[in-house]
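What follows is one structure encoded as structure tokens, with my remarks underneath.
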Amino acid sequence: MKLSVRMVAVAAVLATAACAPQTSGNSSSDKDEKTGTLRVWLFQEVNNTPKEEVVDSVLAEFEKAHEGTDVTVEYIPVETRAQRIKAAINDPESAPDLVEYGNTDTAGYVKDGGLADVTEEFAAWDEAKDTDPTARQSVTVGGKIYGAPYFVGVRALYYRTDVFEELGLDVPKTQAELISTAKEIRAAKPELYGIAVGGAYTYGAMPFIWAHGGELATGTGGSYAAAIDSAAARKGIEAYTSLFGDDNCPAAKCAAMTGNDTITAFAAGKAAMAIGGDFSHAAVEAGKVKGTYAVVPLPGLKPGSIAPAFAGGNNLGVLKSTTHRTLAVDLMKRLASKKAQGELFEAMGFLPTFSDVRQQVAAKEAFVKPFVETLAADTKFVPASPAWAQIDAGQVLPTMFQEVVSGKKDVATASADAAKKMNDAFGSVG
43 MKLSVRMVAV
53 AAVLATAACA
63 PQTSGNSSSD
73 KDEKTGTLRV
83 WLFQEVNNTP
93 KEEVVDSVLA
103 EFEKAHEGTD
113 VTVEYIPVET
123 RAQRIKAAIN
133 DPESAPDLVE
143 YGNTDTAGYV
153 KDGGLADVTE
163 EFAAWDEAKD
173 TDPTARQSVT
183 VGGKIYGAPY
193 FVGVRALYYR
203 TDVFEELGLD
213 VPKTQAELIS
223 TAKEIRAAKP
233 ELYGIAVGGA
243 YTYGAMPFIW
253 AHGGELATGT
263 GGSYAAAIDS
273 AAARKGIEAY
283 TSLFGDDNCP
293 AAKCAAMTGN
303 DTITAFAAGK
313 AAMAIGGDFS
323 HAAVEAGKVK
333 GTYAVVPLPG
343 LKPGSIAPAF
353 AGGNNLGVLK
363 STTHRTLAVD
373 LMKRLASKKA
383 QGELFEAMGF
393 LPTFSDVRQQ
403 VAAKEAFVKP
413 FVETLAADTK
423 FVPASPAWAQ
433 IDAGQVLPTM
443 FQEVVSGKKD
453 VATASADAAK
463 KMNDAFGSVG
């Protein structure tokens, strides 16, 4: 088994996708072969070599345990994952047996008939009991399990220790203090954003909505109704959008900023605070602020509280069309095991989805602590509806924030319009 056997040229990968016929892939295979070649699609990371080494170690053990079996892995670009996986669902002949996918994509792929129901196998997996509830929710649709959580990502508050010390400021303990502190910094140091925020930074805004008791939508079992225009949600929108202006982060510059843009600004020394993920650590360490920053959980409304954070991350799922179901499920469990997730953290910094493994890595690496505390406090997830893909792609929430910060609409009107768009999307999927 050689790495070169597993790596497939991107050009060939894209060619396969382009040629995939648009047939229905909504039926499962009636085969369950115990030997042969398994095909796996994993995401290509910025620095992929450490990930490949972890995966190769798992594959070596898997192939040793299953004589007559080998595995080929294609590392596919995250940006084109939707097209690739959609094409694979429509054309089982070109589909992999096992795929890595974003945890917000679960419901859509289930609706498209792409992912296999592995509820029984997940329940029989000894390690599954230690999966944190939000990660488990991310592979659950209609009460059934459609994969295994691979890693989790969560955001917290990065702040400049040198700026806070120079100005004699305390670290904010509430969202009100966060807002006032950001504006105090901007007044004292107009060359800095008090806190870098973005009108296109949906996952940075969500904690403000949730902390005020708001929700994106309400419902269960795939049936949802927008709640972004509720009184509580509007208070959260008002709190977040109050950070856009000349007294903190000018709307002309910040309305279009994404999450990556805010972290780039912070790492470059252009902001005193930013909301960033555990996955942002490497970028900040490589920036100008190295050695002059710290991280704490993003505060909630009351002193000592932590704002609910979006639990991002990726999952692994077996495609319904696989002809190697038993082998594919076993490989899924091995790649998503406690051992492999611990090694993936060491290699890439991705937080494990197992609560006990996270505590272990937090004890080893100080930077992990605030993110683990955030995960332990409370996390939220997007509606488990295939409509979320439409809402996300349609930039419904960023448009709402941008309309408010630009002054085109007030919060009530912008949130009502966003709610209508969301309900149209929810209604379109039944």
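Reminder that position 137 of the sequence shown reads as 179 in the working numbering, one-by-one numbering, no gaps.
Glycine included, C-beta positions come from ideal geometry on N, C-alpha and C.
Count the other CB atoms, across all protein chains shown, that sit within 10 Å of the CB of K462; report buried if there are 16 or more and exposed otherwise. Stepping through the sequence shown from its first residue, residue 462 is reached at position 420. Result: exposed.
Can you find at least 3 beta carbon pairs, one from the region 419-434 and one from the region 254-261, that sit closer than 8 Å? yes
Consult DSSP for L340 and reduce its assignment to one of helix, strand or coil. Here residue 340 is taken as the residue at index 298 of the sequence shown, counted from 1. In the structure shown, L340 falls within a coil segment according to DSSP collapsed to helix, strand and coil.
Continuous alpha helix (DSSP H) stretch holding L386: start and end: To locate residue 386, count along the sequence shown from 1; it is residue 344. Per DSSP, L386 belongs to the alpha helix (DSSP H) from 380-390.
In whole angstroms, what is the alpha-carbon distance linking A473 and K375? The chain is shown from 43 up to 472; residue 473 falls before or after that span and cannot be answered.
Residues sharing a beta bridge with F250, DSSP: Within the sequence shown, the letter at position 208 stands for residue 250. For F250, which the question treats as bridged, DSSP gives no partner whatsoever.
Could you check the C-alpha separation between V194 and A351 for me, to the nearest Å? For this step, residue 194 is matched to residue 152 along the sequence shown. For this step, residue 351 is matched to residue 309 along the sequence shown. Between V194 and A351, the C-alpha separation is close to 12 Å.
Measure the Cβ-Cβ separation of V115 and L157 and say whether it is below 8 Å. By 1-based counting over the sequence shown, the position of residue 115 is 73. By 1-based counting over the sequence shown, the position of residue 157 is 115. Their beta carbons are not under 8 Å apart, which means V115 does not touch L157 by this criterion.
Other residues of its chain near G449: CB distance less than 7 Å, five sequence neighbours each side excluded: The count along the sequence shown starts at 1 and reaches residue 449 at position 407. Closer than 7 Å at Cβ, skipping near neighbours: no residue.
Give the DSSP bridge partners of C291, in chain order. Walking along the sequence shown from the start, residue 291 turns up at place 249. Paired residues: F286.
With a Cβ-Cβ cutoff of 8 Å, do P339 and E415 count as a contact? Position 297 of the sequence shown, counted from the first residue, corresponds to residue 339. Position 373 of the sequence shown, counted from the first residue, corresponds to residue 415. A contact, by the Cβ cut-off of 8 Å.
Which two residues bound the contiguous beta strand (DSSP E) that contains F85? Residue 85 sits at position 43 when you count from the first residue of the sequence shown. F85 -> beta strand (DSSP E) spans 78-85.
Run through DSSP, which three-state label would G264 get? On the sequence shown, position 222 is the one that residue 264 refers to. Reduced to three states, the DSSP call for G264 is coil.
Alpha helix (DSSP H) runs wholly inside the region 406-438, at least 4 long, in chain order: 411-419, 429-435
Do you know offhand how far T365's Cα is from D147's? By one-based count along the sequence shown, residue 365 stands at place 323. By one-based count along the sequence shown, residue 147 stands at place 105. Their Cα atoms are separated by approximately 23 Å.
Give the secondary structure of A351 by DSSP, where H, G and I count as helix, E and B as strand, and everything else as coil. For the purposes of this step, residue 351 is identified with residue 309 of the sequence shown, where counting begins at 1. Strand at A351.
Measure the C-alpha to C-alpha separation of T161 and D204 and round it to an integer number of angstroms. Working through the sequence shown from its first residue, we reach residue 161 at position 119. Working through the sequence shown from its first residue, we reach residue 204 at position 162. Taking the straight line joining both Cα atoms gives about 50 Å.
Going straight from the alpha carbon of R178 to that of I127, what length do you get? Your numbering for residue 178 matches position 136 in the sequence shown. Your numbering for residue 127 matches position 85 in the sequence shown. Taking the straight line joining both Cα atoms gives about 22 Å.
Give me the Cβ distance between T173 and T395, rounded to the nearest whole Å; I'm assuming they're in contact under 8 Å. For the purposes of this step, residue 173 is taken as residue 131 along the sequence shown, with counting starting at 1. For the purposes of this step, residue 395 is taken as residue 353 along the sequence shown, with counting starting at 1. Going by Cβ atoms, the distance from T173 to T395 rounds to 6 Å, so yes, they are a contact pair.
Is it buried or exposed for Q401, if we count other Cβ within 10 angstroms and need 16 for buried? Taking the sequence shown and counting its residues from 1, the one referred to as residue 401 is at position 359. Under this definition Q401 is an exposed residue.
Other residues of its chain near D74: CB distance less than 6 Å, five sequence neighbours each side excluded: Here residue 74 refers to the residue found at position 32 of the sequence shown. R367, T368.
DSSP three-state call for P191: helix, strand or coil? On the sequence shown, residue 191 is found 149 positions in, with the first residue counted as 1. If DSSP states are grouped into helix, strand and coil, P191 belongs with the strands.
As assigned by DSSP and simplified to three states, the class of E116: Here residue 116 refers to the residue found at position 74 of the sequence shown. Correct three-state label for E116: strand.
Closer than 8 Å is the cut-off here; do at least three beta carbon pairs connect the region 221-229 with the region 428-447? At 8 Å Cβ cutoff, the stretches do not touch.
Give the C-beta separation of Y200 and A316 to the nearest angstrom, bearing in mind that I take them to be a contact with Cβ-Cβ under 8 Å. Taking the first residue of the sequence shown as 1, we reach residue 200 at position 158. Taking the first residue of the sequence shown as 1, we reach residue 316 at position 274. 5 Å between Cβ atoms; contact.
From F321 to M464, what does the alpha carbon distance come to, in whole angstroms? Stepping through the sequence shown from its first residue, residue 321 is reached at position 279. Stepping through the sequence shown from its first residue, residue 464 is reached at position 422. Taking the straight line joining both Cα atoms gives about 29 Å.
Contact the region 129-149 vs the region 104-111: 3+ CB pairs below 8 Å: no
Could you check where the alpha helix (DSSP H) with Y151 kicks off and where it finishes? Locating residue 151 in the sequence shown gives position 109, counting from the first residue. Looking at the DSSP string, the run of the alpha helix (DSSP H) that includes Y151 is 148-153.
Could you give the DSSP three-state label for G346: helix, strand or coil? The residue labelled residue 346 in the question sits at position 304 within the sequence shown. Note: G346 maps to coil in three-state DSSP.
According to DSSP, is G184 part of a helix, a strand, or is it coil? The sequence position of residue 184 within the sequence shown is 142, counting from 1. Looking at G184 - three-state DSSP - the assignment turns out to be coil, as it is neither helix nor strand.
Excluding the 5 residues preceding and the 5 following F413 in the sequence, name in chain order all residues of the same chain whose CB lies nearer than 6 Å to its CB. Counting from one through the sequence shown, the residue named residue 413 turns up at place 371. Sequence-distant Cβ neighbours of F413 in its own chain, meaning closer than 6 Å and more than five residues away, are V196, A198, D320.
To the nearest angstrom, how far is the alpha carbon of A242 from that of L101? By one-based count along the sequence shown, residue 242 stands at place 200. By one-based count along the sequence shown, residue 101 stands at place 59. The straight-line gap from Cα to Cα measures roughly 39 Å.
Do you know offhand how far G329's Cα is from I305's? By 1-based counting over the sequence shown, the position of residue 329 is 287. By 1-based counting over the sequence shown, the position of residue 305 is 263. Rounded to whole angstroms, G329 to I305 spans 10 Å at the Cα level.
Distance CB(L358)-CB(A190) smaller than 8 Å: Here residue 358 corresponds to residue number 316 of the sequence shown, with the count starting at 1. Here residue 190 corresponds to residue number 148 of the sequence shown, with the count starting at 1. Against a cut-off of 8 Å, the Cβ pair of A190 and L358 comes out as a contact.
In three-state terms, what does DSSP make of M315? Within the sequence shown, numbered from 1, the residue matching residue 315 stands at position 273. Assigned with DSSP and collapsed to three states, M315 falls in strand.
Paired residues, beta bridge with N356 - DSSP: Counting from 1 along the sequence shown, the entry for residue 356 is found at position 314. Answer is G144, F193.
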